[in-house]
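In our numbering, the protein residues as written are 8 to 725.
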């Protein structure tokens, strides 16, 4: 039999064995006498009368032949090559009707006849109880059926990201609050204090990134959940919530959209601007605090004992020299003093004026710690525990000195105890008194240069009034942890301060201690100390040095410098006239704490590893927590709203934005049913549907015309 060249050997055998006249059908395979060959003309006429599936490929051709044989032949009659029956599938139709072209979910189009079809077998279409089948979603690239109830569209990644953000915000807040002190002993933090700031910077940036990712995720879920409602969502709201709309786009929508359609864009704009604020606020007010980790501890005696002017009888030349050096130095020493903030309204004694007794911060405030030379014994050989860089002395008895202003300078001059010290060529005038709150009051004037040149400072008293420099002194007892540097023995910090207790210092006792250095400052019992009967003369070296070294009255800067020097000199007696300083036991020779001191002078000292931690201000920490809490609360509320919508319509939720973009980016966008009104416009623009409303090629709307072009459009998921 002649056959076309394109037919294979298998095709020839198939035709000869299968396509026979109707009369020969049903015969036994052994009865071959009546069989005859089929001519090509008969085969051609027979095939024209049959219905054939369109042949797309060799595979589809064979599939069609298999289906034909299954319907017409009995496989037991004819010997042939055994071919497995393929799984049943839908009959393909290349021409969908007009209704199905437009009334379907544009994100889930019906499966094409050329696409792979993934669905349950016919026997599994209904459950055992007759319930309808679950809806299933498929794509060309997927090879498994996804059950909506087994794999939630809403997904656990959104609550998981929310939880991760909460954890990160909590860690950052704890770090900024100084609650991770034990971590600071690591070498990374002890090597450089800037590393502590670096860690806080990383934590705040991580919080900002997680907050931004969380907001994008929950807003995208909300965006598609709103679109899944039966009434859909306004396109302006949809675009305003979309992550693809940047800052400039949101501003354009705010300026051009109607008031009823602005809030989605305003919401996203406010959230975007709020995300970096917590980190900025937290980093804007930070301080580095020293933290210590003890390695070795032993008992010591340390601090400043009770003030006692009777030790003036034990002042020898060595102590007198030390007093002269300390009182002559105008600056505070970092070996035994530490500047602190003034006491607050609860304990502070400084007032606004003589008539207004309300609280005001004092001008200066300093802590007297006694220094490392007040700690006994000194048993450290500086070789043990090389990692230790500090001495930590807890509960040290210290004194806090607060300096304020004298409101009634004239009363101090008229009623105080006054002294003239110096000589005719250099002299100063001093008045002292006790205030209403048991503070010590001091005022002074210096002989001007013109009178000094004449040598009349003691005879011409016109320069003594009014007093040019005045200060008050309050003394408070406090217990504190004092930290010293192991290298240079200076005070590193003073922490853990106890509530202050005011120490009442008698003026006579104080002036007695001063007179050890300046003999002209004798007690009131020895001298009639009013301005009318003043003590004159005292040409001691310190008195003359003080007058000649301190600036004169004629300049305001000079007066300020003189006041600072006077205040420092007023603190010297408290550093020396106490039992711990006048003890007969040397701190370098004793192997135990000094004896004979007050009970509160005994404590411990530790060799410790020093490090620094970052602590943010209280207001910054509260602002950080408030802003992060607002963002997290909004995200959690959005998750709840989205979850409730998706619970009612799970088959419509969880569409990724990429699916939507893939549909809308195609020329023509979403097809619309043909209408006579839009035919002419479609012919001009070559576009239709949502694509035409958003970005028609060659017809890009102006910068502030987008809202008007898409006004009234809605996004609805069928």
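Positions of the beta carbon are idealized from the N, C-alpha and C atoms, including for glycine.
Distance check for residue 210 and residue 179, CA to CA, integer angstroms please. 6 Å
With 16 as the cutoff for other CB atoms within 10 Å, does residue 404 come out buried or exposed? buried
Beta-carbon within less than 6 Å of residue 624's beta-carbon, same chain only, minus the 5 sequence neighbours each way: which residues are those? 292
Answer with buried or exposed for residue 303, where buried requires no fewer than 16 other C-beta atoms within 10 angstroms of its C-beta. exposed
CA-to-CA distance, residue 527 to residue 377, given in whole angstroms: 27 Å
Using a threshold of 8 Å, state whether the C-beta atoms of residue 491 and residue 335 are closer than that. no
Three-state class that DSSP yields for residue 453 in the structure shown: strand
Just to confirm the assignment, what range does the beta strand (DSSP E) spanning residue 297 have? 293–308
Rounding to the nearest angstrom, what Cα-Cα distance links residue 279 and residue 247 in this structure? 12 Å
Verify whether the separation of the beta carbon atoms of residue 419 and residue 448 is less than 8 Å. yes
The alpha helix (DSSP H) with residue 575 in it runs from where to where? 563–577
CA-to-CA distance, residue 288 to residue 205, given in whole angstroms: 16 Å
Distance check for residue 478 and residue 519, CA to CA, integer angstroms please. 19 Å
Residue 614 in three-state terms, based on DSSP: strand
Spatial neighbours of residue 276 in its chain, beta-carbon cut-off 8 Å, leaving aside the 5 residues before and after: 254, 257, 258, 261
Among 429, 626, 442, 487, nearest to residue 466 - alpha-carbon criterion: 429
Excluding the five sequence neighbours on either side, which residues of its own chain have a C-beta within less than 7 Å of the C-beta of residue 172, listed in chain order? 217, 218, 221, 639
With 16 other CB atoms within 10 Å as the buried threshold, where does residue 230 fall? buried
Return the CA-CA distance between residue 407 and residue 487, expressed in angstroms with no decimal places. 11 Å
If you run the structure through DSSP and keep just helix, strand and coil, what is residue 321? helix
Assuming contact is defined by CB atoms lying nearer than 8 Å, are residue 618 and residue 192 in contact in what I supplied? yes
Which term fits residue 583, buried or exposed, when burial requires 16 or more other beta carbons within 10 angstroms of its beta carbon? buried
In chain order, each alpha helix (DSSP H) run of at least 4 residues that lies wholly inside the region 578–653: 579–583
Quick check: the region 584–593 against the region 602–612, are there 3 or more CB pairs under 8 Å? yes
Excluding the 5 residues flanking residue 166 on each side, which residues of the same chain have their C-beta closer than 8 Å to its C-beta? 646
Please determine, among 580, 400, 435, 413, the residue with the shortest C-alpha to C-alpha distance to residue 503. 400
Within the continuous alpha helix (DSSP H) that includes residue 285, where are the two ends? 284–290
Given that a residue counts as buried once 16 or more other Cβ atoms are within 10 Å of its Cβ, and exposed if not, what is residue 95? Note that residue 95 scores 48 on pLDDT, short of 50, meaning its location in the model is unreliable; the coordinates nonetheless yield the value given after this. By the 10 Å Cβ count, residue 95 comes out exposed.
What's the gap between the Cα of residue 362 and the Cα of residue 415? 10 Å
How close, in whole Å, do the beta carbons of residue 451 and residue 409 come, if the pair is a contact with beta carbons under 8 Å? Wrong, their Cβ atoms sit about 19 Å apart, outside the cutoff.
Buried or exposed (CB count within 10 angstroms, at least 16 for buried), residue 56: exposed
How is residue 244 classed by DSSP in three states: helix, strand or coil? helix
Using a threshold of 8 Å, state whether the C-beta atoms of residue 498 and residue 342 are closer than that. yes
Which of helix, strand or coil does DSSP assign to residue 403? strand
Between which two residues does the alpha helix (DSSP H) carrying residue 272 extend? 270–281
Can you give me the C-alpha to C-alpha distance between residue 195 and residue 202, rounded to a whole angstrom? 7 Å
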